[in-house]
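Protein chains in written order, with this note's numbering: chain A, 13 to 408; chain B, 14 to 413. By construction, the Cβ of each residue, glycine as well, lies at the ideal position given by its N, Cα and C atoms. Every value quoted in this text rests on a predicted model; they were computed, and no experiment measured them.
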């Protein structure tokens, strides 16, 4: 890309004590490089550039700092950059330190970067370790996330996806599900947080991942945590239920007002249903959910939902809720051994269903104007598409 | 007291002699056998509880101790600590009022020991709590937390006060703050769970009340609409409710539905509170509370639900069917002999109604105005002396 001598010169411009106009142009140039994959890959071989960017985030010029962060965000969106950012550039300690500062102006950008870095397991571990080692800890992270107005300049919504990514690791799940503490309980109200889809999605993703640990299901469904209403509220609508149906529901779902809106993001709706489905894995969980009258909520939801993927997930859930109890020995659906030929048949059926769903989705897409929809994944990606973070004025 | 075994010498310093004296002489100032318990109680060391008023004359020792505690030159911290201890003693005896006094005195010393002051505030908060003074208790908990933010007992107390004041959101917040410093404290965790649960229950109750209110309102609106639709006129009551100055009905001026809603549908404001009211059944038929007046005998009959689709003769046949009422001494109130009228109060005219007429038809009459939500009708016997007298001098119309 750049010749060695050019690169060296450029690097010399990326210093704090450089003239502002020179610094500014240099950082702009780097930002431009990060705007495409080749540029990013090139920078992967140049950790000192990355370190320079990091250093310049302490610059006195807000414009320069912004450019540096934009560049770092773009770089963090590229998975191949993760190791070099975390290892050679050692970006995490600086970022985390600033994150803790309630007055720091760029905390939201930091959250995006770290959230991106935590997507894949290997770097996710590094992120986790950095959080523990630099005296921050998950507890502090959750606290910051749950403190309204912690930072006047930043909403910190991207801590949601970060937390969700971190729950790939059993240590994080263990912390969140700690019965001796109050962690998961503090996250629950955010499933209804209207102001930010990112925050909501992050929290729901976190809850879903935590529900893979079925040993905790009874506790999660008990009064000590009471996760059920928080999963159902976003799916419940303004439809009036009979007094009888109302009284059988969890308290938070009773007598919902006529202006009650359902979760607008279909991916989040799907994740919520997946979480509920996970909670039906154990017999105890199924009984609790049946007892707490989950079915009418899902019944009304099914009438309302339009997205095929979500309808399909809903139907699976309803099946379990109204179906008969599985025979003895199969009570924990997660532990059932499926014989090979049955497994193959199920896979075939799934594939056919998926085809059907895709067909329906295609039809749906033709009806409405095309929207970009990321696939539902276990990890959340932060804002990362280079085109959306190009600075003003740069032609690409 | 164990004395060394007799050693056979004289090393006891005359102890033996001393002890031997007691077999003969009683020592002076002994407690009297009869009142020794009372006397015991007067000795500060053996007191089971502090006396109400410490009179230096009867309790010189205790008064002395008190004065040591209260007016002395010891360092402030010591004085405050003694006052704290005193307060704690009172607290243990459940004498919370005095405990508050002691703690207050301790705080007044304004000593520099923050931890001690935090304890004084916290303990006073506890005393207030047990006295039921929730606001004072909360204030003290806040004060304690202010000077020592990690003081667990203050935080617990603050949360408990909020619970008692039904301020569940604040209670949760207190717990969350406490959990920052003491993340695994079981009491905080339990309290938070309880507060959260109560908070959500209270929110549900509010929603339920709102839903019921809304339902009631819409039912009332439907009812009023049905009445209006039929062209039935309800008289506005003469009571002060309608006057603009009444704050309850302020919105009556802005909101026509609310205005309609203040129209009197309830039977009888003061005299005869029957509680009966017009209602609409599943088929959309209105049922009215109706009064039959028998001026001849100064009697009345009340029909709680007269369907608009039924007619007068049906009711009269039942009421004056098998048995005539006791006041009908001349036994002349037979259904076929009866005349029925409604009165136009404004013009003071009477309108005679054919007994086969449906109630609805009558209510829809131009000059029929329903007072207090209860239509009333005058019933007399055809051609009777009384009815002739009653009707003379009055303008009577036949209802068309």
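Excluding sequence positions up to five before and after residue 131/B, its CB lies within less than 6 angstroms of the CB of 157, 160, 161 and 164, all in the same chain and listed in chain order. Counting only residues of its own chain and dropping the five nearest sequence neighbours on each side, residue 239/B has a CB closer than 8 angstroms to the CB of 293, 297 and 299. Closer than 9 angstroms at the C-beta level to chain A, one finds these residues of the segment 177-199 of chain B: 188, 189, 192, 193, 196, 197 and 199. The bridge partners DSSP lists for residue 357/B are 362/B.
At a cut-off of 7 angstroms between C-beta atoms, residue 137/A does not count as an interface residue with respect to chain B.
Judged by DSSP secondary structure, residue 24/A falls within the alpha helix (DSSP H) whose first and last residues are 16-25.
Interface with chain A (7 angstroms Cβ-Cβ cutoff): residue 220/B is included.
Per DSSP, residue 218/A lies in no beta strand (DSSP E) segment; the continuous alpha helix (DSSP H) that holds it begins and ends at 209-222. Between the segment 72-79 of chain A and the segment 106-116 of chain A there are fewer than three inter-stretch CB-CB distances shorter than 8 angstroms, so the stretches are not counted as touching. Of all C-beta pairs linking the segment 395-410 of chain B to the segment 349-359 of chain B, three or more are shorter than 8 angstroms, placing the two stretches in contact. Minimum Cα-Cα distance from residue 196/A among the listed residues 203/A, 202/A and 188/A corresponds to 188/A.
Across the set 192/A, 260/A and 199/A, the C-alpha of 199/A shows the shortest separation from the C-alpha of residue 173/A. Residue pairing by DSSP leaves residue 172/B without any beta bridge partner.
For residue 243/B, not one C-beta of chain A is nearer than 7 angstroms to its own C-beta. For residue 245/B, the secondary structure class from DSSP, reduced to helix, strand or coil, is coil. For residue 125/A, the CB contacts under 7 angstroms within the same chain, skipping 5 residues up- and downstream, are 84, 85, 88 and 107 in chain order. The beta carbon of residue 155/B sits closer than 8 angstroms to those of 171, all from its chain and outside the five residues before and after it, given in chain order. Along the length of the segment 157-199 of chain A, whole alpha helix (DSSP H) runs at least 4 residues long occupy 171-178, 182-188 and 196-199, reported in chain order.
Taking all protein chains in view, the Cβ of residue 366/A is surrounded by fewer than 16 other Cβ atoms within 10 Å, so the residue is classified as exposed. By the Cβ criterion, the segment 207-214 of chain B is in contact with the segment 178-187 of chain B, since at least three pairs of Cβ atoms, one from each stretch, lie closer than 8 angstroms. Taking 8 angstroms as the Cβ-Cβ cut-off, the segment 206-219 of chain B approaches chain A at 206, 209, 210, 213, 214, 216 and 217, given in chain order. Residue state for residue 116/A is assigned as coil, using DSSP reduced to three classes. Within the segment 129-168 of chain B, complete alpha helix (DSSP H) segments of at least 4 residues are found at 147-160, given in chain order. For residue 378/A, there are no CB contacts under 6 angstroms within the same chain when 5 residues up- and downstream are skipped. Counting of Cβ neighbours within 10 angstroms places residue 143/A among the buried residues, the total reaching 16 or more. Within chain B, the residues 206 and 210 have their CB atoms less than 9 angstroms from the CB of residue 235/A, given in chain order.
DSSP places residue 195/B outside any beta strand (DSSP E), giving it a letter other than H or E. Excluding residues up to 5 positions away in sequence, 163 lie with their Cβ nearer than 6 angstroms to the Cβ of residue 194/B in the same chain. Not a single C-beta of chain A is nearer than 7 angstroms to the C-beta of residue 144/B. Within 10 angstroms of the beta-carbon of residue 32/B lie fewer than 16 other beta-carbons, which makes it exposed. Contact annotation, residue 175/A with residue 214/A: C-beta distance approximately 6 angstroms; criterion of less than 8 angstroms satisfied. One thing to note: residue 137/B has its Cβ within 7 angstroms of the Cβ of residue 113/B. Boundaries of the beta strand (DSSP E) around residue 307/B: 299-307. Of all residues in the segment 175-209 of chain A, the ones placed with a Cβ closer than 8 angstroms to any Cβ belonging to chain B are 192, 193, 194, 197 and 198, in chain order. Three or more Cβ pairs drawn from the segment 247-254 of chain A and the segment 302-311 of chain A lie within less than 8 angstroms of each other, which places the two stretches in contact. For residue 334/A, the enclosing alpha helix (DSSP H) begins and ends at 320-334.
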